[in-house]
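What follows is a short report on a single structure.
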Amino acid sequence: MTDRPTIVLVHGMWHGGWAWERVASLLEADGYPCVRVTLPGKDRAPGDPTFRGHCDHLVRVLAGIPGDIVLVGHSYSGALLTEVGDAPGVRALVYLSAFCLEPGESVASVNDAEAGSQAGKDDIRQVGDYLVIDPDTARHAFYHDCTPSDAADAAARLTPEHADARTAVVSRAAWRTVPAHFVVCTLDRACTPEVQRKMAARVGSVSELESSHSPMLSMPGAVADTIVKVATEHAS
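Numbering-wise (the working numbering), the sequence shown opens with residue 15 and increments by one.
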């Protein structure tokens, strides 16, 4: 029996490590150590809140973990996986309705290219250097299959995100060299299933969940099962 890899869980825009609590609890109960990353940002964690700052933060986190790693990104943080996901020790990438980008693309360029997102450029406000999403918008765009109390709780915890996170362009594509799996969320209103499937076609392994943009809240068991499957396939 090989030692189980550490599962590193990275959140999307406006969220924090709290979004992964249920998935991490299930994985840890199954014997997988977990690290829930909270990226630097206003009212969130100290440090550089830009895309480059987030990449550097994630690289530091990964460097501190011994042994094998399965790196999981939700939504925006797929851009981080794309940029730095080939760090030492990373055996596999999991994109959960996440931005699996080509060099030269940004979250904004991909998500705004197709109509239909309820969390696109017209649904968020810029205040100074930061982007804000209103709780009502978030509830409808991110959490429509969550319980009303879960949706309200999550929407209330969202924090401003530096505008650079949305527009920064990736320079590399780690998914070309690290095995990657893409989970398409078929009821997603924030990153439409059409946009997700275009990105998913870039990697060799794809599955689908009949969920909103936030299956880590609405169906954590299914998300944990998918991560375990990927971890098992790529155990060294």
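Glycine included, each C-beta is placed from N, C-alpha and C at the ideal position.
I need the boundaries of the beta strand (DSSP E) containing residue i, first residue and last residue.
i    : result
A194 : A194 to C199
R105 : V104 to L110
T20  : T20 to V24
S219 : S219 to L223
G92  : Counting along the chain, G92 falls outside any beta strand (DSSP E), though it belongs to the alpha helix (DSSP H) covering G92 to V98.
R139 : R139 to V141
Which residue comes first and which comes last in the alpha helix (DSSP H) that contains residue i?
i    : result
H71  : F65 to A77
H154 : P149 to F156
L41  : E35 to A43
I241 : P234 to E247
R180 : D178 to T181
Could you check how far apart the C-beta atoms of residue i and residue j are, in whole angstroms? I think they sit under 8 Å.
i    : j    : result
F65  : D178 : 5 Å
L85  : G67  : So it is not a contact: roughly 18 Å between Cβ atoms.
S91  : H25  : 6 Å
A238 : L110 : So it is not a contact: roughly 11 Å between Cβ atoms.
Quick check on the burial criterion: 16 or more other C-beta atoms within 10 angstroms. Buried or exposed for residue i?
i    : result
I21  : buried
G81  : exposed
V77  : Rather than Val, the amino acid found at residue 77 in this sequence is Ala. Exposed.
E97  : buried
P19  : buried
V141 : exposed
A127 : exposed
G118 : exposed
Quick check: what's the CA-CA separation for residue i versus residue j?
i    : j    : result
V209 : P47  : 32 Å
G45  : V51  : 19 Å
H248 : V198 : 20 Å
D70  : A194 : 21 Å
K212 : K56  : 32 Å
T151 : D17  : 42 Å
A43  : P174 : 32 Å
P94  : A169 : It is Leu, not Pro, that sits at residue 94 in the sequence shown. Distance between the alpha carbons of L94 and A169: 23 Å.
M15  : V242 : Note on M15: pLDDT 40, under 50, position unreliable in the model; the coordinate value appears next. If you take the alpha carbons of M15 and V242, they lie about 15 Å apart.
H88  : R153 : 17 Å
With a threshold of 8 Å between beta carbons, is residue i in contact with chain D?
i    : result
D143 : Any reference to chain D falls outside this structure, which holds one protein chain only.
- [ ] Decide if the region 229-246 is in contact with the region 182-191; the criterion is three or more beta carbon pairs, one per stretch, under 8 Å apart.
- [x] Cβ pair count under 8 Å is below three, so no.
- [ ] Please determine if the region 189-208 and the region 219-230 are in contact, where contact requires at least 3 C-beta pairs separated by less than 8 Å.
- [x] These segments touch.
Open item on the list: Using a Cβ distance threshold of 8 Å, determine whether the region 144-161 contacts the region 101-110, with at least three qualifying pairs required.
Closed with: At 8 Å Cβ cutoff, the stretches do not touch.
- [ ] Could you say if the region 34-41 and the region 141-156 meet the contact criterion of at least three C-beta pairs nearer than 8 Å?
- [x] At 8 Å Cβ cutoff, the stretches do not touch.
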